[in-house]
Amino acid sequence: GAVVSQHPSWVICKSGTSVKIECRSLDFQATTMFWYRQFPKQSLMLMATSNEGSKATYEQGVEKDKFLINHASLTLSTLTVTSAHPEDSSFYICSANRAGVNNEQFFGPGTRLTVL
Amino acid sequence: AQSVSQHNHHVILSEAASLELGCNYSYGGTVNLFWYVQYPGQHLQLLLKYFSGDPLVKGIKGFEAEFIKSKFSFNLRKPSVQWSDTAEYFCAVNGFGGNKLVFGAGTILRVKS
């Protein structure tokens with residue numbers, strides 16, 4: 311149990327376009343979902359925390375208008391990178407808290423975004 | 193603010209050698225502590241976690257970690273590594289009452305067969 315999926319697993323887009331990444335908890339309801347960014351050879355940096363039905367909480371330095379997060383249901387959160395630029399190229403990873411399993415996050419496989 | 197430091201970015205060991213990866217955190221309150229592993233091409237997996245109780249925690253695949261509160265440390269150990277342990281290891285911490293995880297920079301372990 312506690313499987314988290316992401317779609318797509320990789321995406322290449324042109325500069326200026328928008329890209330949507332989905333994060334789904336497949337076999338549990340996620341009270342909270344998290345979005346991370348991982349640069350090559352670096353650690354995961356938390357971008358934002360989202361709760362179903364409410365606005366996401368962004369970490370300092372993360373542009374909320376650029377990285378739109380929607381948490382439509384207890385099993386789905388989406389991250390949209392708007393007007394993507396090459397510097398947005400990165401590995402985006404989501405995770406989810408399972409209801410009743412406090413403070414343990416289950417991670418998705420990540421999405422590799424390359425902006426040309 | 194919380195921060196997590198991992199002492200070694202790259203570790204190379206021969207099979208059967210013992211492993212200890214250091215992790216220190218800066219946060220004075222109650223913490224939950226985690227070690228995650230990321231095998232090549234795969235997603236993060238939980239190795240072990242500490243919430244409370246016995247400070248010596250045993251995880252999967254023969255790994256263990258010891259929480260030493262006075263040293264703000266949560267070092268990961270394995271008595272005898274295998275080639276299949278080649279991966280990147282991340283220490284992570286969150287503070288009491290919060291869900292956010294703060295990750296260390298990661299340690300890349302390469303085990304030579």
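Chains A and B, in that order, give the protein sequences. Per the numbering used here, residue 311 is the first one in the first sequence, and the count goes up by one each step. Per the numbering used here, residue 193 is the first one in the second sequence, and the count goes up by one each step. From the three backbone atoms N, C-alpha and C, an ideal C-beta is built for every residue, glycine too.
Option nearest residue i by Cα separation, candidates the options
i: H185/B; options: Y219/B, G287/B, N291/B and Y281/B; result: Since the first and last residues shown for chain B are 193 and 305, residue 185/B lies out of range.
i: K376/A; options: K330/A, I322/A and T424/A; result: K330/A
i: S360/A; options: Q194/B, G220/B and K292/B; result: K292/B
i: A279/B; options: L211/B, N216/B and S197/B; result: L211/B
i: R334/A; options: T327/A, S328/A, M343/A and G326/A; result: M343/A
i: S206/B; options: A297/B, D277/B and Y231/B; result: D277/B
i: E373/A; options: T424/A, A312/A and A394/A; result: A394/A
i: G363/A; options: V313/A, I379/A, V314/A and C404/A; result: I379/A
i: Q352/A; options: W227/B, I252/B and I300/B; result: I300/B
i: D246/B; options: A297/B, L225/B and V229/B; result: L225/B
i: F349/A; options: V391/A, E397/A and T390/A; result: E397/A
i: W227/B; options: A208/B, Q234/B, G221/B and E256/B; result: E256/B
i: L239/B; options: I260/B, G287/B, N267/B and G220/B; result: N267/B
i: I322/A; options: E414/A, V391/A, K365/A and C404/A; result: V391/A
i: V313/A; options: Y219/B, H235/B and H201/B; result: H235/B
Same chain only: Cβ atoms within 7 angstroms of residue i, ignoring 5 sequence neighbours per side
i: E332/A; result: Q316, H317, L386 and T388
For residue i, the three-state DSSP class (helix, strand or coil)
i: K374/A; result: coil
i: E207/B; result: coil
i: K261/B; result: helix
i: E257/A; result: As displayed, chain A neither begins before 311 nor continues past 426, which places residue 257/A out of reach and without an answer.
i: E397/A; result: helix
i: G420/A; result: coil
i: S387/A; result: strand
i: S319/A; result: coil
i: S276/B; result: helix
i: T359/A; result: strand
i: N267/B; result: strand
i: E332/A; result: strand
Contact set for residue i: own chain, Cβ-Cβ below 6 angstroms, skip 5 residues either direction
i: R422/A; result: W320 and F401
i: P419/A; result: Q316
i: Y368/A; result: A358 and K374
Near the ligand MG: residue i beta-carbon under 6 angstroms from a heavy atom
i: V321/A; result: No copy of the ligand MG occurs in the structure displayed, which carries no ligand at all.
For residue j and residue i, believed in contact at Cβ under 8 angstroms, the rounded distance
i: Q194/B; j: Y217/B; result: 6 angstroms
i: V196/B; j: V294/B; result: 5 angstroms
i: S265/B; j: C215/B; result: 6 angstroms
i: V285/B; j: V223/B; result: 5 angstroms
i: K270/B; j: G254/B; result: 6 angstroms
Own chain, CB closer than 8 angstroms to residue i, minus 5 neighbours either side, in chain order
i: S399/A; result: L423, T424 and V425
i: L356/A; result: F344, W345, Y346 and E369
>> So if I threshold CB-CB distances at 9 angstroms, which residues from the segment 195-218 of chain B count as touching chain D?
In response: Judged by its chain identifiers, the structure shown contains no chain D, and its protein chains are A and B.
> Which runs of the alpha helix (DSSP H) spanning at least 4 residues fall entirely within the segment 195-256 of chain B, listed in chain order?
Replying inline: At a cut-off of 4 residues, not a single continuous stretch assigned as alpha helix (DSSP H) sits fully inside the segment 195-256 of chain B.
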